[in-house]
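Visitor: Following this message is one structure expressed as structure tokens.
Residue numbers (our numbering), protein chains in the order written: chain A, 1412 to 1847; chain B, 697 to 943.
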């Protein structure tokens, strides 16, 4: 068995792992049989930001070669595939036949297994909920060798969706696609501050399936919380082509730290906001730039240099608008903000996942370069505001949460833990659960 | 009309991705490989992509006496063959192979002798139908012997020369042959060697280039394309210099 340094997207943790790379489902079964005592974690494409996809000094089972499709019913939109199939693979196959993913996170370079394990959400959460809401079956292999065919009403299914890979190795997953065009009628609207955002967001959620806002986290004073609200619906124009596209650029090396200095980020934020001159801009765009603007730059995480970066994502109840204002003001004042802060109002579609992150309220996601204790200090301040507002953090993004916070955010863990596979663990769960 | 395609070594990652390209065009397949569980996974995948009919044939390709049966069964399936893709092979660790005659012989058997046997037998089918295309996966390793892989490389080099001659012969029969030379590809075959290289390509890319090239009856495909230049340079390094390198 070989050892290798597998990283997560934030490139902050540098752990060594034993690695198993099965190419077929039978290899997965074999390797569990032959290594009864190992503590493993299934690993997809490592797009989780923190350590939820890592398993320090233990075993990672790299699932990316398990990328075959099992069936695709072009009439009903039911698609079944191995867990290492990526959302990009699914789109490539589905789009020419008129089908589309029901839920898309910010990148298509995630495996379906990873998407289910983190119960990912997208710009249409207020309409369609999380990916877990669209999963119709999971074939799960436990390390004791038993195979479970799970359907949504089963408790083990509910534990596996959003289960951070801890309930077993997902071998196959079936999802239900939606019959929609890969084109979007979109409108971008500038807003001057958070109050305007709240208003546009509430209006748009009634009329648009996809809503999200980019917020300038650098400007203070009267420009605090300004940004661009993006909303869209699947286009109904039948003359548009059913096709998928491929990305081009890549970041081949680590950027020097100066590249992300405060002035660079200020300029970027200014440009992004003022790029759009008119108050509102309407266009029809392809799904790739609409959902996955960052996928155009491969390995964009390297722009944060060797020290890596953190993503901070929380959700707080809709009533806690002042807490949100306070957070924006703290971030702007800290001067440590990042390129993009993404703000969205979650809806109330409940996920089947016991440990699922989304809840009704506002969610904000933003990047911070790793600046050591300075960053820690800011996170402590933000954590306190989130805690007081009754909010919570997202494990898929987290690098810093402590056991007290996890217990507070995820009381459901008490119910979840009975479904954990005793031979599966992760660095994240060991960090946030004592004796995890 | 849907194409009829025969694939030898159909459970290889590169072959799968080539087949997906044709499956999208609703092709029919006759797939040969050693492991029937893996074959049935490949079948499900190709049907998901739109394949019309997929017939599986379980066979250890190192058993030469069983080769005529493969041709027989395939001919029962298709009255005309559009493409034959010969994709099987192995890649053992050179440091072990170089010191072990048995391993070296088995490497040559798996990457050269078995292909020669199958290609001679299948050529007859193509000569009879006077049309069609044969694709053979060789390797850039066959372009010049290097210390890191010369047992595997010599088998692939032999296969390349065999295919050049066969292509010349088949040309006069109205049949085309595409000699395929992939560089390093991230597949289960190479992953145990733990190659870390910016030149390591994805099987998706290589598979698709192969299917496209075969559909256009190309004579030689280096895939990804930059290997043509890389190998041009490697072939032209003078020996006095080449021997000092550790390639």
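Glycine residues also receive a C-beta, built at the ideal position from the N, C-alpha and C atoms. Keep in mind that this is a model prediction, so the values were computed, not measured.
Would you call the CB atoms of residue 726 of chain B and residue 1504 of chain A closer than 8 Å?
Guide: No, they are not a contact pair.
Visitor: What does residue 744 of chain B reach in chain A if we use C-beta pairs closer than 9 Å?
Guide: Below the 9 Å Cβ cutoff, chain A contributes 1479, 1480, 1481, 1482, 1483, 1490, 1491, 1492, 1504 as neighbours of residue 744 of chain B, in chain order.
Visitor: Run through DSSP, which three-state label would residue 1883 of chain A get?
Guide: With chain A covering only 1412 through 1847, there is no way to say anything about residue 1883 of chain A.
Visitor: Could you list which residues in chain A have their beta carbon closer than 9 Å to that of residue 733 of chain B, in chain order?
Guide: 1435, 1436, 1437
Visitor: Can you tell which of A/1845, A/1480, A/1623, A/1459 has the C-alpha that lies nearest to the C-alpha of residue 740 of chain B?
Guide: A/1480
Visitor: Go through its chain and collect everything with a Cβ distance to residue 1426 of chain A's Cβ below 6 Å, but skip five positions before and after it.
Guide: 1465, 1467
Visitor: What's the C-alpha gap between residue 1757 of chain A and residue 899 of chain B?
Guide: 39 Å
Visitor: What residue range is occupied by the uninterrupted alpha helix (DSSP H) comprising residue 824 of chain B?
Guide: 810-825
Visitor: Do you know offhand how far residue 932 of chain B's Cα is from residue 787 of chain B's?
Guide: 25 Å
Visitor: So, helix, strand or coil for residue 928 of chain B, using DSSP?
Guide: helix
Visitor: Apart from the five residues on each side of it in sequence, which residues of its chain come closer than 8 Å, Cβ to Cβ, to residue 870 of chain B?
Guide: Cβ neighbours of residue 870 of chain B beyond the five flanking positions: 826, 827.
Visitor: Under 8 Å by Cβ, that's how I've got residue 1476 of chain A and residue 1628 of chain A pegged, so tell me the actual separation to the nearest angstrom.
Guide: So it is not a contact: roughly 39 Å between Cβ atoms.
Visitor: Assuming contact is defined by CB atoms lying nearer than 8 Å, are residue 735 of chain B and residue 707 of chain B in contact in what I supplied?
Guide: yes
Visitor: Shorter than 8 Å from the beta carbon of residue 827 of chain B to some beta carbon of chain A?
Guide: no
Visitor: Is it true that the region 1511-1519 of chain A meets the region 1535-1548 of chain A, where meeting means three or more beta-carbon pairs spaced less than 8 Å apart?
Guide: yes
Visitor: Among B/838, B/767, B/894, B/851, which one has its Cα closest to the Cα of residue 817 of chain B?
Guide: B/767
Visitor: With burial defined as no fewer than 16 other Cβ atoms inside 10 Å of the residue's Cβ, what is the status of residue 1614 of chain A: buried or exposed?
Guide: exposed
Visitor: Once you ignore the five residues that flank residue 731 of chain B on each side, which residues in its own chain have a CB closer than 7 Å to its CB?
Guide: 707
Visitor: May I ask you to report which of helix, strand or coil DSSP gives residue 1496 of chain A?
Guide: coil
Visitor: For residue 912 of chain B and residue 1597 of chain A, what's the separation of their Cα atoms in angstroms?
Guide: 40 Å
Visitor: What residue from A/1799, A/1827, A/1428, A/1572 has the CA that sits closest to residue 1816 of chain A's CA?
Guide: When only C-alpha atoms are compared, the closest one is A/1799.
Visitor: Taking the DSSP output, what are the residues bridged to residue 1724 of chain A?
Guide: Beta-bridge pairing links residue 1724 of chain A to A/1776.
Visitor: Under 8 Å by Cβ, that's how I've got residue 1599 of chain A and residue 1687 of chain A pegged, so tell me the actual separation to the nearest angstrom.
Guide: 6 Å
Visitor: Which chain A residues sit within Cβ distance under 7 Å of residue 790 of chain B?
Guide: Within 7 Å Cβ-Cβ: nothing; residue 790 of chain B doesn't reach chain A, min ~17 Å.
Visitor: Per DSSP, what kind of secondary structure is residue 1544 of chain A in: helix, strand or coil?
Guide: helix
Visitor: What are the boundary residues of the alpha helix (DSSP H) that includes residue 643 of chain B?
Guide: Nothing about residue 643 of chain B can be reported from this structure: the residues present for chain B run from 697 to 943 only.
Visitor: Under 8 Å, Cβ to Cβ, is there at least one residue of chain A near residue 737 of chain B?
Guide: yes
Visitor: Restricting to Cα atoms, I'd like to know which of A/1653, A/1813, A/1845 is closest to residue 1787 of chain A.
Guide: A/1813
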